[in-house]
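Asks: Residue numbers for the sequence shown follow this note's numbering, beginning at 10 and rising by one.
Built from N, CA and C at the ideal position, the CB exists for glycine as well.
Remember, predicted model here, so these are calculated numbers, not experimental data.
Just passing along the structure, written as structure tokens.
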Amino acid sequence: MTKQKPLRKKRQNWYALFLLTSLVGFFALTAGTAFAMNVSISPPRWEITVEPGGNVEGTFEVTGAADRDLRVKIYFQDWRFNHKGEVEFLPTVGPRSVIPWLQIEPAEMLVPAGEERIFKIFGTVPPETAGGDYWSGFFVETVPDAPQRGSGMVVTGRVGGGVFLTVRGEATKAGRIKDFAVTWENGLSGRVLFANLGDTQLYPSGRVEVRDSRGKTVKRLSLPETVVLPGGERELVFAETMALPAGDYVVLAILDYGGEKLLGAQALLKVDIPEEEER
Numbered sequence: 010m011t012k013q014k015p016l017r018k019k020r021q022n023w024y025a026l027f028l029l030t031s032l033v034g035f036f037a038l039t040a041g042t043a044f045a046m047n048v049s050i051s052p053p054r055w056e057i058t059v060e061p062g063g064n065v066e067g068t069f070e071v072t073g074a075a076d077r078d079l080r081v082k083i084y085f086q087d088w089r090f091n092h093k094g095e096v097e098f099l100p101t102v103g104p105r106s107v108i109p110w111l112q113i114e115p116a117e118m119l120v121p122a123g124e125e126r127i128f129k130i131f132g133t134v135p136p137e138t139a140g141g142d143y144w145s146g147f148f149v150e151t152v153p154d155a156p157q158r159g160s161g162m163v164v165t166g167r168v169g170g171g172v173f174l175t176v177r178g179e180a181t182k183a184g185r186i187k188d189f190a191v192t193w194e195n196g197l198s199g200r201v202l203f204a205n206l207g208d209t210q211l212y213p214s215g216r217v218e219v220r221d222s223r224g225k226t227v228k229r230l231s232l233p234e235t236v237v238l239p240g241g242e243r244e245l246v247f248a249e250t251m252a253l254p255a256g257d258y259v260v261l262a263i264l265d266y267g268g269e270k271l272l273g274a275q276a277l278l279k280v281d282i283p284e285e286e287e288r
């Protein structure tokens with residue numbers, strides 16, 4: 010069985026620590042109600058490498074509020090990054106979810122005031138699982154008491170983390186530029202839309218080059234490294250104020266995502282004479 014071990018520092022912290030608070034009620038939450046229910050999880054993320062068919066087990070500590078007992082429930086929820094890099098929670102099980110493989114125990118428990126309690130995440134990776142990266146989120150959510158008579162309000166809070174499994178084996182590393190667009194208005198701006206077509210997380214980075222009609226590079230911009238999960242897409246947005254002589258240009262986007270070859274795309278750019286100079 011593969012058990013929890015210290016986390017390795019990766020090139021970029023792509024693990025989201027989800028801190029969400031839900032307020033449900035008919036009336037506004039008063040300042041006196043807000044947050045006597047501080048809950049924390051340690052560790053907030055679990056990263057592990059496992060063989061197909063291997064067993065995994067990790068333990069997590071929940072620390073409750075200092076001044077009151079809290080009943081909490083613990084559950085999985087899948088998520089992804091959208092093309093802007095924002096976390097989106099999924100209403101169903103995601104395509105690279107670990108939820109079908111894992112269990113949480115206990116799924117509900119009482120955390121006495123000022124104390125800690127332990128829960129486990131454990132399970133077995135199916136032997137036929139292909140190599141690559143898989144992930145899901147988990148939440149610890151307070152189970153609210155019944156609302157006081159006449160208040161019409163229920164207050165809950167939740168805090169979450171992530172489970173990230175890398176399954177050993179042959180995994181495809183593939184990506185492509187799906188779209189590249191540029192505009193000119195007192196400078197150059199645009200976006201490169203990168204798609205991860207493989208089974209592992211990718212870290213694309215690169216540059217944008219502006220070339221004149223003779224093929225000479227007259228401007229160069231950097232595209233900082235970002236993370237794109239398997240099956241995901243990410244916009245690399247750029248903008249820079251600059252001056253260029255009127256004319257036609259070719260703008261190149263060049264990305265290195267860790268594959269055997271660099272990726273490239275081009276767009277045409279026309280810089281007109283400013284109106285004030287035409288007069």
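Residues in its own chain within less than 6 Å of Glu60 by CB, not counting five upstream and five downstream?
Replies: Excluding residues within five positions, the ones whose Cβ falls inside 6 Å are Arg177.
Asks: Use the C-beta contact count for Thr250: other C-beta atoms within 10 angstroms, 16 or more gives buried, fewer gives exposed.
Replies: So Thr250 counts as exposed.
Asks: On the three-state DSSP scale, how would you describe Ile108?
Replies: Correct three-state label for Ile108: helix.
Asks: Let me check understanding here. Comparing Cα to Cα, which of Val149, Leu232, Asp154 and Ala139 lies closest to Glu179?
Replies: Considering only alpha carbons, the answer is Ala139.
Asks: Just verifying my parser: in three-state terms, what is the DSSP assignment at Ala291?
Replies: The structure shown does not extend to residue 291, since the chain spans only 10 to 288, so no value can be given for it.
Asks: Look at the Cβ atom of Leu202, then the Cβ atom of Lys187, and state whether they are nearer than 9 Å.
Replies: In this structure, Lys187 lies closer than 9 Å to Leu202 by Cβ.
Asks: Use the C-beta contact count for Asp281: other C-beta atoms within 10 angstroms, 16 or more gives buried, fewer gives exposed.
Replies: So Asp281 ends up on the exposed side.
Asks: Counting Cβ pairs, one atom from each stretch, are 3 or more of them under 8 Å apart for the region 114 to 133 and the region 91 to 99?
Replies: Segments in contact, no.
Asks: By DSSP, does Asp265 sit in helix, in strand, or in coil?
Replies: In the structure shown, Asp265 sits in a strand (DSSP, three-state: E or B).
Asks: Per DSSP, what are the beta-bridge partners of Ser231 in this structure?
Replies: According to DSSP, which records beta bridges pairwise, Ser231 is partnered with Arg216.
Asks: CA-CA distance, Arg185 and Tyr266?
Replies: So the two alpha carbons sit approximately 9 Å from each other.
Asks: Quick one: residues in its chain with C-beta nearer than 7 Å to the C-beta of Ala122, no 5 flanking neighbours on either side, listed in chain order?
Replies: Excluding residues within five positions, the ones whose Cβ falls inside 7 Å are Gly73, Ala74, Ala75, Asp76, Arg77 and Asp78.
Asks: According to DSSP, is Glu95 part of a helix, a strand, or is it coil?
Replies: Coil at Glu95, not helix or strand.
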